[in-house]
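K.L.:
Next up is a structure, given as structure tokens.
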Amino acid sequence: MKHFLVFVSLLLAGPRPGSWAQASPARALRVGAAKVEATPSATERPSSFTGVLDPLYARAIVVRNGAATVALVSVDVIAILEALWQSVSSRVERELKIPATSLLLTATHSHSAPCVRYASLADPVVAVVKLA
1 MKHFLVFVSL LLAGPRPGSW AQASPARALR VGAAKVEATP SATERPSSFT GVLDPLYARA
61 IVVRNGAATV ALVSVDVIAI LEALWQSVSS RVERELKIPA TSLLLTATHS HSAPCVRYAS
121 LADPVVAVVK LA
């Protein structure tokens, strides 16, 4: 009898079968991806460069769940400098409502890419996030 009372007590104290169906509805997970060319123009490339063998790209994956949005972005450059981060993160926050804390901006660390004015990279990076 003692075990029966413990079982009934646990059963009554536990979740009700009807409450399982009332769990918050699952949010739809939406994922987008895009790739935008970010090759510097001929006037931006160093004079020692005679042409382009392979184009450089900015790539993005954007994930939304209805409550939050995150963007993962990579750029074919050697490094992401602070100036580029500041420009891109502020524009993405202002134009796309994605907070800087939800933006990952990283470089592929390509030694084949020329060092260019990072301001010119902001446009293709923001564009790839918009497309994704």
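Mapping to UniProt numbering: the sequence shown position 79 is 79, numbers consecutive. Note that beta-carbon positions come from the ideal geometry of N, C-alpha and C, so glycine has one too.
#1: Could you round the C-beta distance between LEU105 and ILE80 to whole angstroms and report it? I think they count as a contact, below 8 Å.
#2: In angstroms with no decimal places, state the Cα-to-Cα distance between ILE98 and GLY51.
#3: When DSSP builds the beta bridges, which residues end up paired with ALA83?
#4: Nearest-angstrom Cα distance between ARG59 and GLY32?
#5: Is it buried or exposed, ASP76, if we count other Cβ atoms within 10 angstroms and call 16 or more buried?
#6: Between the Cα of GLU95 and those of LEU131, CYS115, ASN65, spot the shortest distance and give me the residue it belongs to.
#7: Quick one: what's LEU103 bridged to in DSSP?
#8: Under DSSP, the beta strand (DSSP E) around GLU44 begins and ends at which residues?
#9: Once the 5 residues before and after ARG34 are set aside, which same chain residues still bring their CB inside 6 Å of it?
#10: Could you work out which residue in VAL88, LEU103, GLU44 is closest to ALA71 when comparing CA atoms only?
#11: Go ahead and pull the three-state DSSP assignment for LYS130.
#12: Using the Cβ count rule (16 or more neighbours within 10 Å means buried), how would you classify PRO55?
P.N.:
So, to answer that:
#1: That pair is a contact at about 5 Å.
#2: Near 36 Å, if we compare the C-alpha coordinates of GLY51 and ILE98.
#3: According to DSSP, ALA83 bridges with nothing at all.
#4: The alpha-carbon separation between ARG59 and GLY32 amounts to approximately 11 Å.
#5: Label assigned to ASP76: buried.
#6: Cα-wise, what sits closest to GLU95 is LEU131.
#7: Bridge partners of LEU103: ALA71.
#8: Run containing GLU44: none; DSSP gives neither H nor E here.
#9: Note on identity: in this sequence residue 34 is Ala, with Arg being the wrong assignment. Correct list, in chain order: ALA60, VAL128, LEU131, ALA132.
#10: Comparing Cα positions, the closest option is LEU103.
#11: Residue state, collapsed to three classes: helix.
#12: Its Cβ having fewer than 16 others within 10 Å, PRO55 is exposed.
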